[in-house]
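> My questions will all concern the structure given below.
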Amino acid sequence: MPVQDIKGQKIWQRRAGRESLFHWALWLIGIAVFAYCWQQISKSTTWFFVWDAPRIANDIWTRATPPKWEYITQLGKPIWDTLNIATLGTLISLILAVPVAFLAARNTTPSRFIVRPIALLIIVSTRSINSLIWALLLIAIIGPGVFAGVIAIAIRSIGFCAKLLYEAIEEIDETQVEAITATGASRWQVMAYGIVPQILPAFAGIAVFRWDINIRESTVLGLVGAGGIGLQLSSSLNVLAWPQVSLILLVILAAVVISEWVSAKVRGAII
Amino acid sequence: MSDAAFDVAGRIGQPWKKPPFIQRRWLRWTLLLGALAYLIAAYMTIEVNWSRVYEGLERGKKFVLAFANPDFTTRSSDIFEGMMESIIMTVASSVVGIAISIPIALGAARNVAPLPVYLICRGIIAISRALQEIIVAILLVAIFGFGPLAGFLTLSFATIGFLSKLLAEDIESMDKVQAEAIKASGARWTQWINYGVQPQVMPRLIGLSMYRLDINFRESAILGLVGAGGIGATLNTAFDRYEYDTAAAILLIIIVIVMGLEYLSGVIRARVQ
Chain A
1 MPVQDIKGQK IWQRRAGRES LFHWALWLIG IAVFAYCWQQ ISKSTTWFFV
51 WDAPRIANDI WTRATPPKWE YITQLGKPIW DTLNIATLGT LISLILAVPV
101 AFLAARNTTP SRFIVRPIAL LIIVSTRSIN SLIWALLLIA IIGPGVFAGV
151 IAIAIRSIGF CAKLLYEAIE EIDETQVEAI TATGASRWQV MAYGIVPQIL
201 PAFAGIAVFR WDINIRESTV LGLVGAGGIG LQLSSSLNVL AWPQVSLILL
251 VILAAVVISE WVSAKVRGAI I
Chain B
1 MSDAAFDVAG RIGQPWKKPP FIQRRWLRWT LLLGALAYLI AAYMTIEVNW
51 SRVYEGLERG KKFVLAFANP DFTTRSSDIF EGMMESIIMT VASSVVGIAI
101 SIPIALGAAR NVAPLPVYLI CRGIIAISRA LQEIIVAILL VAIFGFGPLA
151 GFLTLSFATI GFLSKLLAED IESMDKVQAE AIKASGARWT QWINYGVQPQ
201 VMPRLIGLSM YRLDINFRES AILGLVGAGG IGATLNTAFD RYEYDTAAAI
251 LLIIIVIVMG LEYLSGVIRA RVQ
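Here the protein sequences come in this chain order: A and B. UniProt numbering numbers the first residue of the first sequence as 1 and each following residue consecutively. UniProt numbering numbers the first residue of the second sequence as 1 and each following residue consecutively.
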């Protein structure tokens, strides 16, 4: 126990001398890095605008309230599109994620040194690029519209679903698999009766969880032209129609809250 | 399963059949038909311009080839500046976000905070989680003007919702015995937090912070699309000008940094836990 001796009196300390020095050094470096970052941000900021911000915020608020309620009649189709982007995107991504997950899991992969790294690379690269960037890319390739949104959501979700799924596969109970193997089952039968029943609850949970996230993400995909309610948001912002913007934001908020509620209910029922 | 055991006599001699996933027959069929109807309805309403998609395949091929041959040099100064701005925004917003979310997490843990504080803090978390980063960024750009300050504020705001919620859940599920032992020694409230609560949640806090740093970096890559600073603006320009090799270079840098961060957070988490 680190104890300091001051004039014959022993005082308890949390850390020993060298350890506390190390901690101080770490803090010092951290603060220096933060100070540098802040300086850089401050340098590229027009502070006049920032001091003016409360007035601007107040101005936007007065323009945006009350929301233009009658505009809601035009939001039905965009909301339906948003729902489709999220749902179809999740479905496609699940179909693609299952084989990737089986190839990436240590206990089911056919080859540890060739296939597994490739599967892991697919997972990392699809996960690290945001769906908006995928949408930008797909719009450049296949043109704007709902279809680009669906594909963007699908690609982006592969990594997420496959990662969680392969972790679930690695955590299965091997004894059940062994029992099925002992009956003389083929490789596919072992998969279907030994592994799949064990990961099915996890799979359903992941699907609903990702669907919830995808609803959120698909609401903003329209900002880059990939369909859904984001298109309306972007066009309203472009013409500075703040009452419409506030209504759209309310609708998006409602969609997010409802999807989270649905996903929590379904997951509660499954697990 | 009980009714399956019930007619054992009738089943002897018949091959085994896998029990259905959903036991109730009407529910199974309703769900199946509902899903099918939805799929058809969804498919009918999505207009896909297949000839446009077919034309795009050529460009898609070009993009995939660009990945094999990314161009880091032509726009290297733009890429470097954008990346630095993204990294700076990530670091600054993570630090500020974590610093703010610790007191809010304490307030949102029912076993630490009194009810009014709990409700306020939970409200803050709910607002921060319900609003999308990109939407917050649009509003903040409108208010504070273009530049990394808007992005920094957006990411800090988003960090609060994420980190406080998970940290508060960890504080709520901590071991009461240790905290009580510290309290019994006559500790003040701050000492109680410092020696009874903090050591228990520290590993989780470090793990979550690393994870959030990773998320913040990924998000900072898109904030530039709405003018909130970072690499997103450069990336958007590259796509608009069909400079796929530059875009591929930027995407590759993002992937490598995210992989590095993930590796780093794995090492750090393994050390603290």
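All residues carry an ideal CB built from backbone N, CA and C; glycine is no exception.
Give the straight-line distance between the Cα atoms of C121/B and F146/B, rounded to the nearest whole angstrom.
Counting from one through the second sequence, the residue named residue 121/B turns up at place 121. Counting from one through the second sequence, the residue named residue 146/B turns up at place 146. Rounded to whole angstroms, C121/B to F146/B spans 30 Å at the Cα level.
> Check the Cβ of G145/B against every Cβ in chain A and list those closer than 7 Å, keeping chain order.
For the purposes of this step, residue 145/B is taken as residue 145 along the second sequence, with counting starting at 1. Correct list: T46 and F49.
> Of all the residues that make up the stretch 5–38 of chain A, which are near chain B by a beta-carbon distance shorter than 7 Å?
Listed by position along the chain: V33, F34, C37 and W38.
> Does any C-beta atom of chain B lie closer than 8 Å to the C-beta of V224/A?
Walking along the first sequence from the start, residue 224/A turns up at place 224. Judged by the 8 Å Cβ criterion, V224/A is in contact with chain B.
> So residue 330/B contacts chain A; which residues on that side make the cut at Cβ distance below 9 Å?
Examination of residue 330/B is not possible in this model, given that chain B is present from 1 through 273 alone.
> Tell me D5/A's beta-bridge partners as DSSP assigns them.
Position 5 of the first sequence holds residue 5/A. Its beta-bridge partners are K10/A.
> Quick one, which of V208/A, Q189/A and V257/A has its alpha-carbon nearest I127/B's?
Looking up residue 127/B in the second sequence gives position 127. That would be V257/A, whose Cα lies nearest to the Cα of I127/B.
> For chain A, check one thing: does any of its Cβ atoms lie closer than 8 Å to the Cβ of M259/B?
Sequence index remark: in the second sequence, residue 259/B carries index 259 (1-based). With 8 Å as the cut-off, M259/B counts as an interface residue toward chain A.
> Any Cβ of chain A within less than 8 Å of the Cβ of E47/B?
Position 47 of the second sequence holds residue 47/B. E47/B counts as touching chain A.
> Please list the residues of the stretch 59–81 of chain B that have a C-beta atom closer than 7 Å to any C-beta atom in chain A, keeping them in chain order.
Residues R59, G60 and F63.
> Quick one: which chain A residues come within Cβ less than 9 Å of Q132/B?
As a working note, residue 132/B is residue 132 in the second sequence. Within chain A, the residues near Q132/B are R216, E217, T219, V220, I252 and V256.
> Measuring CA to CA, which of P201/A, L253/A and S236/A is closest to A269/A?
By 1-based counting over the first sequence, the position of residue 269/A is 269. The shortest Cα separation from A269/A among P201/A, L253/A and S236/A belongs to P201/A.
> Exposed or buried, what is F152/B when buried is set at 16 or more other beta-carbons lying within 10 Å of its beta-carbon?
Position 152 of the second sequence, counting from 1, holds the residue named residue 152/B. F152/B should be labelled buried.
> Tell me whether G186/B is buried or exposed, calling it buried when 16 or more other Cβ atoms sit within 10 Å of its Cβ.
As a position in the second sequence, residue 186/B is number 186, starting the count at 1. Looking at its Cβ environment, which holds fewer than 16 other Cβ atoms inside 10 Å, G186/B is exposed.
> For L10/A, I'd like the list of residues in its chain whose CB is within less than 8 Å of its CB, leaving aside the five on either flank, ordered along the chain.
Numbered from 1 along the first sequence, position 10 holds the residue referred to as residue 10/A. According to the sequence displayed, residue 10/A carries Lys and not Leu. The residues are V3 and Q4.
> Using DSSP with H/G/I as helix, E/B as strand and the rest coil, what is D170/B?
Taking the first residue of the second sequence as position 1, residue 170/B is located at position 170. D170/B: helix per DSSP, three-state reduction.
> Pull up the distance between the alpha-carbon of A32/A and that of R212/B, whole angstroms please.
Here the question's residue 32/A lines up with position 32 in the first sequence. Here the question's residue 212/B lines up with position 212 in the second sequence. Each residue's alpha carbon lies about 21 Å from the other.
> Of all the options I102/B, T90/B and P203/B, which has the alpha carbon lying nearest to the alpha carbon of W223/B?
In the second sequence, residue 223/B corresponds to position 223, counting from 1. Going by the sequence as given, residue 223/B is Leu instead of Trp. Closest option to L223/B, Cα to Cα, is T90/B.
> Does the distance from the C-beta atom of I158/A to that of T126/A stay below 8 Å?
The residue labelled residue 158/A in the question sits at position 158 within the first sequence. The residue labelled residue 126/A in the question sits at position 126 within the first sequence. Yes, they are a contact pair.
> May I ask you to list, following chain order, the residues of the stretch 59–74 of chain A that have a beta carbon less than 8 Å from some beta carbon of chain B?
Against chain B - using a Cβ distance shorter than 8 Å - the residues of the stretch 59–74 of chain A are I60.
> Measure from the C-beta of S125/A to each C-beta in chain B and report whether the shortest distance is under 8 Å.
Numbered from 1 along the first sequence, position 125 holds the residue referred to as residue 125/A. Closer than 8 Å: yes.
> Let me make sure I understand the geometry here. Which of S93/B, W26/B and L57/B has the alpha-carbon closest to that of G229/B?
Here residue 229/B corresponds to residue number 229 of the second sequence, with the count starting at 1. When each option's Cα is compared against that of G229/B, the closest is S93/B.
> Are the CB atoms of P78/A and Q232/A nearer to each other than 8 Å?
Within the first sequence, residue 78/A is the residue found at index 78, counting from 1. Within the first sequence, residue 232/A is the residue found at index 232, counting from 1. Yes.
> Under 8 Å Cβ to Cβ from I195/A, same chain only, skipping five residues before and after it: list those, please.
The residue given as residue 195/A occupies position 195 in the first sequence. For I195/A, where only same-chain residues beyond five positions count, the Cβ hits under 8 Å are T108, I169, I172 and V177.
> Could one say the Cβ of F203/A lies closer than 8 Å to chain B's Cβ atoms, at least one of them?
Walking along the first sequence from the start, residue 203/A turns up at place 203. So, not an interface residue.
> Chain B partners of Q40/A, CB-CB under 7 Å?
By one-based count along the first sequence, residue 40/A stands at place 40. I88, listed in chain order.
> Quick one: which chain B residues come within Cβ less than 8 Å of S160/A?
For the purposes of this step, residue 160/A is taken as the residue at position 160 of the first sequence. Residue identity check: residue 160/A is Phe in the sequence provided, not Ser. None at all; the shortest Cβ gap to chain B is about 12 Å.
> Closest by CA to E262/B, which one among I171/B, S209/B, A168/B and T154/B?
The residue given as residue 262/B occupies position 262 in the second sequence. Ranking the options by Cα distance to E262/B, first place goes to S209/B.
> Within 8 Å (strictly less), CB to CB, does V95/B reach chain A?
Counted from its first residue, the second sequence places residue 95/B at position 95. By this cut-off, V95/B is an interface position.
> Just to confirm my understanding: we take I206/B, look at its own chain, exclude 5 residues before and 5 after, and list those with CB closer than 6 Å. What are they?
Here residue 206/B refers to the residue found at position 206 of the second sequence. Within the same chain, I206/B has close Cβ partners V272.
> Along chain B, which residues have their Cβ under 7 Å away from the Cβ of A57/A?
Along the first sequence, read from residue 1 onward, the residue named residue 57/A stands at position 57. Here the neighbours are I143.
> Do F63/B and I151/A have their beta-carbon atoms positioned less than 8 Å apart in this structure?
Residue numbering aside, residue 151/A sits at position 151 when the first sequence is read from its first letter. Residue numbering aside, residue 63/B sits at position 63 when the second sequence is read from its first letter. Result no, Cβ atoms of I151/A and F63/B do not sit closer than 8 Å.
> Would DSSP call W26/B helix, strand or coil?
Here residue 26/B refers to the residue found at position 26 when the second sequence is read from its first residue. Note: W26/B maps to helix in three-state DSSP.
> Closest to T154/B by C-alpha separation, out of F162/B, E133/B and K165/B, would be which residue?
Against the second sequence, residue 154/B aligns to sequence position 154. Of the listed residues, the one whose Cα sits closest to T154/B is E133/B.
> What separation, rounded to the nearest whole angstrom, lies between the Cα atoms of P19/B and P197/A?
Locating residue 19/B in the second sequence gives position 19, counting from the first residue. Locating residue 197/A in the first sequence gives position 197, counting from the first residue. Going by the C-alpha atoms only, they are around 11 Å apart.
> Which residue's Cα is closest to the Cα of F102/A: L164/A, I252/A, T175/A and P66/A?
Counting from one through the first sequence, the residue named residue 102/A turns up at place 102. Comparing Cα positions, the closest option is L164/A.
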